[in-house]
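A.B. asks: My questions all concern the structure below.
4 protein chains.
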Amino acid sequence: MAGNSIGKIFTLTTFGESHGPALGGIIDGCPAGLKINLKTINDDLNRRRPGQSEIVTQRNEADSVEFLSGIFKDKTTGTPIGFIIKNKDQKSKDYKHIMNSYRPSHADFVYDKKYGFRDYRGGGRSSARETVVRVVAGSIAKQLINPVKINAFVSSVGEISMDTDFSKVNFNNTEKSIVRCPDAKVAKKMEELIKKTRKVGDTVGGVVSCIIKNVPIGLGEPVFNKLHSELGKAMLSINAVKGFEFGSGFKGSKMKGSEHNDIFTKDGKTMTNLSGGIQGGISNGMDIYFNVAFKPVSTIMKDQDTINSKGKSVKIKGKGRHDPCVVPRAVPIVEAMSAIVIADFYLLSRLSKI
Amino acid sequence: MAGNSIGKIFTLTTFGESHGPALGGIIDGCPAGLKINLKTINDDLNRRRPGQSEIVTQRNEADSVEFLSGIFKDKTTGTPIGFIIKNKDQKSKDYKHIMNSYRPSHADFVYDKKYGFRDYRGGGRSSARETVVRVVAGSIAKQLINPVKINAFVSSVGEISMDTDFSKVNFNNTEKSIVRCPDAKVAKKMEELIKKTRKVGDTVGGVVSCIIKNVPIGLGEPVFNKLHSELGKAMLSINAVKGFEFGSGFKGSKMKGSEHNDIFTKDGKTMTNLSGGIQGGISNGMDIYFNVAFKPVSTIMKDQDTINSKGKSVKIKGKGRHDPCVVPRAVPIVEAMSAIVIADFYLLSRLSKI
Amino acid sequence: MAGNSIGKIFTLTTFGESHGPALGGIIDGCPAGLKINLKTINDDLNRRRPGQSEIVTQRNEADSVEFLSGIFKDKTTGTPIGFIIKNKDQKSKDYKHIMNSYRPSHADFVYDKKYGFRDYRGGGRSSARETVVRVVAGSIAKQLINPVKINAFVSSVGEISMDTDFSKVNFNNTEKSIVRCPDAKVAKKMEELIKKTRKVGDTVGGVVSCIIKNVPIGLGEPVFNKLHSELGKAMLSINAVKGFEFGSGFKGSKMKGSEHNDIFTKDGKTMTNLSGGIQGGISNGMDIYFNVAFKPVSTIMKDQDTINSKGKSVKIKGKGRHDPCVVPRAVPIVEAMSAIVIADFYLLSRLSKI
Amino acid sequence: MAGNSIGKIFTLTTFGESHGPALGGIIDGCPAGLKINLKTINDDLNRRRPGQSEIVTQRNEADSVEFLSGIFKDKTTGTPIGFIIKNKDQKSKDYKHIMNSYRPSHADFVYDKKYGFRDYRGGGRSSARETVVRVVAGSIAKQLINPVKINAFVSSVGEISMDTDFSKVNFNNTEKSIVRCPDAKVAKKMEELIKKTRKVGDTVGGVVSCIIKNVPIGLGEPVFNKLHSELGKAMLSINAVKGFEFGSGFKGSKMKGSEHNDIFTKDGKTMTNLSGGIQGGISNGMDIYFNVAFKPVSTIMKDQDTINSKGKSVKIKGKGRHDPCVVPRAVPIVEAMSAIVIADFYLLSRLSKI
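In structure tokens form, the structure reads like this:
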């Protein structure tokens, strides 16, 4: 497998399976002298952790990170930051039933075909457990790019959507709802939908939106590494993501140029922001905002028809402890990936001019 | 600037501005022994070229590519393939009026801020002229990954959409319409909309869809380099793109797991294909399909308010020769970027097992 | 800090300081299905470990590696292999005296200048302790490239050199001597020189030679990544290395073409092998051999004049537990780095032809 | 083929064969705003060009570079710098005799084995003609890293060596001798040796030394990308190179620590400089110096026994126009590769601290 690294300067390389002894990562390229606030990192981990509320999986992983290098006297030294998160509440026995069977819309089948065999316990490397490492790295990235502020939130669950204007969202409300939607009324409805869905053993998809403020002008590297191409790649690399749009997004494709163009004001800002804070692949100082579509979790609590590794039809039992809807826990992951991308471009942007 | 390379094994590095002497690229990592069909490359270039029909820009660039290395006796030698496409029909004088002014929703402003100054002639490096190089590389990639078939087409222009089931599209019809929509009736309407839009000096957005058939099982590298993350990045790197979704896409976020899961049949295929041919970031042998949203072209034939490099308000004239709608010419570009991504993963997949 | 990764396909990323809780690494790109022999890895670690004989440092680090991912039922799964080696016998107090002083010919001064401050305990990241991670990865690489055989040995210590013809070295003798020189008589002299040197509190340099057999034809990627350029880089990245030569090496620069050319025989081999198994950057199937020059260890048991971080003259005490000569312990490190380079090119070579 | 790129930030990707229409390259990552002096580039090209004196090959390639992008109004724009050098004085017919035969110690054999066939004209990609591209990029790199001064020169040809202390070399003399040895007396002897060698149809090796002055403190990235590992790799990537040593080099391996340590003086400099300006992989502000060993050119004007592609014994004629000794023309190439490496680390060093 290749592909376990992201970033050109601020690079994160990760490892770990859902049922191995630990997951972890190495951040290489974080500049020296950054004061690290461990509490912030733990807060982000807690926002991602299973068992945090009644609408997420009841597995109980109180993830704690151990830093093994790169930080000395609370500051980064410039050397690689190695860290691990131990797996604790693993119940590998839960997975015997899928040892030879392919769960629908999971990676079981393709892993077997690609690698010849697989670590079947809990999805192994293909489990979203892997994202815990991203949250740690993202939390450090956030500290590096301060005062950039990254705020993700749930903007839809199933058919229920928040339709607040992005420029008017009150981020303080996000963490007040267990579903992480900043509109309290809509949040309530989403919560109910998730509970109802769980009750029938089903799952439901949703959308996480993200707004990034205070981004300096000049981040992003045309041609192939445009700021939004890398943001898109980073989001699409999160488990269960099916789509990414920024600024006007898919709606923009229905518009006319005369409506869509963002007219400059004298201060170098723009009157509208359909560009989503990025022009020609480079940040223009306006807010960056985007939507990330998540499919419904594939593991449902219903029996499903499938095949086993010998191509025979089998039935797979719906069991285990899983999320009925992934978006509440995806919020800190979307933030983390945003921070990693922004941090990388922030460092690269120091090299644009002589 | 970094970011002018794409691919890990089949790598393309590009250069060139819209009004310099030439654009070009280097493909490194194309295996030796591939028979190169030059006609196919020229056909793809002609599908991208300006002036090809009455609904695209009337600039006349009959792009021809010169190969400078890497091909000997019609076969790739394994050494880097260097090539250039000369600029011919440049009218640099057309751009004097934007020398010091920032066109709305163009990259002028951010280039000036990031690099300190810019080649203002025709957008320089930020011009979509740059994509001509991608088409050449993509055309070679297509030949490498044969029998994989990549078919892009226009599925919407403004509010006009084709709603054919993706599994029933007749690709033979795509090139019969100048708008490149395979549904003749819808194509006609799109064409009319584009003509009408041009007449009033405006532009309109649209969506290009793409279906990839015959993809071998096993392409894609979790975690960060999932097949769809790299496809998404590649699409988002094309000028004017605002969104990317694959498989069920944004609609998938509204569905339930029990509806969304693709049930396996005995032959290892799936009954439905909401996954879009990719599971866990790896191709599963089913058709890959995705949508790419393009905003309306920013250059309109109307006067617009803007600022100049000194922050003063100025009016910018609508003039020059531009596309009223970019999607017909974007079709071969979407195909090219798809081919480049698939070729890279195709080669990488040889390394998955001992 | 960048630069903690090596390899394009078989990539190793490492972290860790000499006095942190642990060092470790991530191997990404090792193909699935490789049977891993843990005993071999431990054997290689023991050949590098401190305290293994009376002529190396008396620090006692019985290094044991913990694998955290990527191996399931004794086989690689294709996912990244994460591992750590805990630090045990650290005596950080030993280093208080260098907290503000720059040891001559160490990295203290440059780390302080480059990063603004440093983890002064035992050299931190600049300590050769870091090489323990390379040995683990190299040992896995060796298993991947089997039946390639990599044999390093000590060919000189100070002025004492072995002058056996490289094609006649008996590798079975290497491990019989604590100095790791396969010529028993010369080994004895080297051993005595090292002991004598230690007694007077001094250190001495030496040369490690390496012979690689059974290398398939076709490894190496011209132009910049020639097989010997990457081998050279890998060797020069080992602490204390000052030079690298392969094949005829520096002596070759004194020769005539008519003497130096290796004449082909009918079987595709060559009568002589001044090329050192590599032509045009690509392995030709003959033995690869090279020499690596190590300077004397900078930490000596004598007082030395130096400066502190404020630029004042100070005396630095010679104390701590250090190697009087680094080459005996460098032998497995040279082998490990060779294996990592060969493994990478071995995988890449699968992509040379269609 | 992979491996036609070098550098992490200041990256050069190259293409081209000795007998194709042109060679060229793309520099990506050169910051915007650098004033480019074209005369300097041409001067460097002339120092590398064939036919420049009576002791080099009499092929007549007055190489001139055409820049195709990235430079606007004499300054770099930050976009990739594309350039080509056309091949002119090719006599492809000269190479019919090696179409099916493998020249001893050339890359013919390994290219055929690795790629399945080869462009046999003049060595194709394996020809040192490829280095012309490096000289262009190196010349731009030199301008970027000003006031760093890179001075290479010939320090030995065959058995004739210059033994001047490196700190006393007068670089102004280098270009006064056609052999590029700054010691006039030794240069004369070298020149005679080369002429004598040519007369008998033979070739001879030599050593190029290089001294780099005014290097800022802090360049280089431990662990794997130490400044000297990358310099070593870059030198070893030049055709015909067999060895690299820096600072005390191979001689350093014979020394004692008490002799070898460089004692700091109050100004942060060192009394001696056996470290060669690099400690722990990072520049310490002292002069960097190193030696590069070149083997004798493999093409000799004598008949040689060899095999053809069918494994049959054949005789190969000594003919064509070739260098009797490569080092005089290698001097600007060593400088160019040094500049490319230093430029890359110079840019990276901006990212060491927050």
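Order-wise, the sequence lines are chains A, B, C and D.
If you use our numbering, the first sequence corresponds to residues 2 to 355, in order.
If you use our numbering, the second sequence corresponds to residues 2 to 355, in order.
If you use our numbering, the third sequence corresponds to residues 2 to 355, in order.
If you use our numbering, the fourth sequence corresponds to residues 2 to 355, in order.
The beta-carbon is built from N, C-alpha and C at its ideal position, and this holds for glycine as well.
Computed from a predicted structure; not experimentally measured.
Assuming D/Ile82 contacts B/Phe16 under a Cβ cut-off of 8 Å, what Cβ separation, rounded to an integer in Å, is found between them?
C.D. replies: Contact flag correct, Cβ pair sits at about 7 Å.
A.B. asks: Find the nearest neighbour of D/Ser310 within the set D/Lys36, D/Gly117, D/Lys270, D/Ile355, judged by alpha-carbon distance.
C.D. replies: Nearest of D/Lys36, D/Gly117, D/Lys270, D/Ile355 to D/Ser310, Cα basis: D/Gly117.
A.B. asks: Which residue marks the beginning of the alpha helix (DSSP H) containing B/Ala188, and which one marks its end?
C.D. replies: Note, B/Ala188: alpha helix (DSSP H), 185–200.
A.B. asks: Which runs of the alpha helix (DSSP H) spanning at least 4 residues fall entirely within the stretch 208–240 of chain B, listed in chain order?
C.D. replies: Listed in chain order, they are 228–237.
A.B. asks: List the residues of chain A whose Cβ lies closer than 7 Å to the Cβ of D/Ile10, in chain order.
C.D. replies: By Cβ distance, chain A contributes Leu352.
A.B. asks: Assuming contact is defined by CB atoms lying nearer than 9 Å, are C/Val327 and C/Phe295 in contact in what I supplied?
C.D. replies: Cβ atoms of C/Val327 and C/Phe295: closer than 9 Å.
A.B. asks: Between the Cα of C/Pro333 and the Cα atoms of C/Tyr96, C/Ala23, C/Val134, which residue gives the shortest distance?
C.D. replies: If we check each option's Cα against that of C/Pro333, C/Val134 comes out closest.
A.B. asks: Using a cut-off of 8 Å between C-beta atoms, extract the partners of B/Gly79 located in chain C.
C.D. replies: In chain order: Ser353, Lys354.
A.B. asks: Tell me which residues of the stretch 137–157 of chain B have at least one Cβ-Cβ distance to chain C shorter than 8 Å, keeping chain order.
C.D. replies: Correct list: Leu145.
A.B. asks: Could one say the Cβ of D/Gly281 lies closer than 9 Å to chain A's Cβ atoms, at least one of them?
C.D. replies: By this cut-off, D/Gly281 is not an interface position.
A.B. asks: For the putative contact between C/Ile86 and C/Leu24, defined by C-beta atoms under 8 Å, what is the C-beta separation to the nearest angstrom?
C.D. replies: So it is a contact: roughly 5 Å between Cβ atoms.
A.B. asks: Note down, in chain order, all residues in the stretch 245–259 of chain D with a beta-carbon under 9 Å from any beta-carbon belonging to chain C.
C.D. replies: Going along the stretch 245–259 of chain D in chain order, one finds Phe245, Glu246, Phe247, Gly248, Ser249, Gly250, Phe251, Lys252, Gly253, Ser254, Lys255, Met256, Lys257, Gly258, Ser259 with a Cβ nearer than 9 Å to chain C.
A.B. asks: So if DSSP puts D/Glu67 in a beta bridge, which residue, or which two residues, is it bridged to?
C.D. replies: The partner list for D/Glu67 (beta bridge, DSSP) reads D/Ile85.
A.B. asks: Using a Cβ-Cβ cutoff of 7 Å, what residues of the stretch 328–345 of chain C are near chain B? List them in chain order.
C.D. replies: Within the stretch 328–345 of chain C, no residue has a Cβ that lies closer than 7 Å to any Cβ of chain B.
A.B. asks: How about A/Thr41: is its C-beta nearer than 9 Å to some C-beta of chain B?
C.D. replies: No, because no Cβ of chain B sits closer than 9 Å to the Cβ of A/Thr41.
A.B. asks: D/Asn306 by DSSP, collapsed to three states: which one?
C.D. replies: Position check: residue 306 of chain D holds Asp in this sequence, whereas Asn was assumed. Strand, per DSSP.
A.B. asks: Using beta-carbon positions only, say whether C/Phe346 and C/Leu145 come within less than 9 Å of one another.
C.D. replies: No, these two residues do not count as a Cβ contact at 9 Å.
A.B. asks: Can you look up A/Glu260 in the DSSP assignment and give me helix, strand or coil?
C.D. replies: In the structure shown, A/Glu260 sits in a helix (DSSP, three-state: H, G or I).
A.B. asks: Can you pull out the residues from the stretch 65–79 of chain A whose beta carbon lies closer than 7 Å to at least one beta carbon of chain C?
C.D. replies: So the close ones are Leu69, Ser70, Gly71, Phe73, Thr78, Gly79.
A.B. asks: Does B/Asp203 get closer than 9 Å to chain A when you measure Cβ to Cβ?
C.D. replies: With 9 Å as the cut-off, B/Asp203 counts as an interface residue toward chain A.
A.B. asks: Which chain B residues are close to D/Gly1, counting only those with a beta carbon under 7 Å from its beta carbon?
C.D. replies: With chain D covering 2 to 355 only, the question about residue 1 of chain D has no answer from this structure.
A.B. asks: Taking the alpha carbon of B/Arg330 as the point to measure from, which residue in B/Leu35, B/Ala129, B/Asp306 has its own alpha carbon closest?
C.D. replies: The option with the nearest alpha carbon to B/Arg330 is B/Ala129.
A.B. asks: A/Asn5 CB to nearest chain C CB: under 9 Å?
C.D. replies: Yes - at least one Cβ of chain C is within 9 Å of the one on A/Asn5.
A.B. asks: What residues of chain B sit near D/Gly34, judged by a beta carbon separation below 8 Å?
C.D. replies: Neighbours of D/Gly34 on chain B, chain order: Tyr116, Gly117, Phe118.
A.B. asks: Residues of chain D with CB under 8 Å from A/Leu348, in chain order?
C.D. replies: Near A/Leu348 (Cβ distances below 8 Å), the residues of chain D are Leu352.
A.B. asks: Under 9 Å, Cβ to Cβ, is there at least one residue of chain B near C/Gly30?
C.D. replies: True, the Cβ-Cβ gap to chain B drops below 9 Å.
A.B. asks: Between A/Thr273, A/Ser157, A/Ser230, which has its C-alpha nearest A/Pro297's C-alpha?
C.D. replies: Taking only the C-alpha atoms, the option nearest A/Pro297 is A/Ser157.
A.B. asks: Do the CB positions of B/Ala337 and B/Gly139 come within less than 9 Å of each other?
C.D. replies: It is a contact, given that the beta carbons lie within the stated cut-off.
A.B. asks: Looking at the structure shown, is C/Asn292 part of a helix, part of a strand, or coil, going by DSSP?
C.D. replies: Three-state result, C/Asn292: strand.
A.B. asks: Buried or exposed: B/Gly1, going by 16 or more other Cβ atoms within 10 Å of its Cβ?
C.D. replies: This structure does not reach residue 1 of chain B, given that chain B is present from 2 up to 355, and the question cannot be answered.
A.B. asks: Using a C-beta to C-beta distance shorter than 9 Å, which residues of chain D count as neighbours of C/Pro51?
C.D. replies: Chain D residues near C/Pro51: none, gap ~18 Å exceeds 9 Å.
A.B. asks: From C/Leu69 to A/Ser70, what does the alpha carbon distance come to, in whole angstroms?
C.D. replies: Computed Cα separation, rounded: 17 Å.
A.B. asks: In chain order, what residues of the same chain have a beta carbon less than 7 Å from the beta carbon of C/Ser314, not counting five sequence neighbours either side?
C.D. replies: Here the set comprises Asp306, Ile308.
A.B. asks: Tell me which same chain residues have a C-beta within less than 8 Å of the C-beta of A/Met22, skipping the five on either side of it?
C.D. replies: Per the sequence presented here, residue 22 of chain A reads as Pro, with Met not at that position. If we look at A/Pro22 and ignore the five residues flanking it on each side, its Cβ neighbours are Lys87, Asn88.
A.B. asks: Mind checking which residues open and close the alpha helix (DSSP H) that includes A/Leu352?
C.D. replies: Run containing A/Leu352: none; DSSP gives neither H nor E here.
A.B. asks: If you reduce the DSSP assignment to three classes, tell me which class C/Val137 lands in.
C.D. replies: Three-state DSSP puts C/Val137 in a helix.
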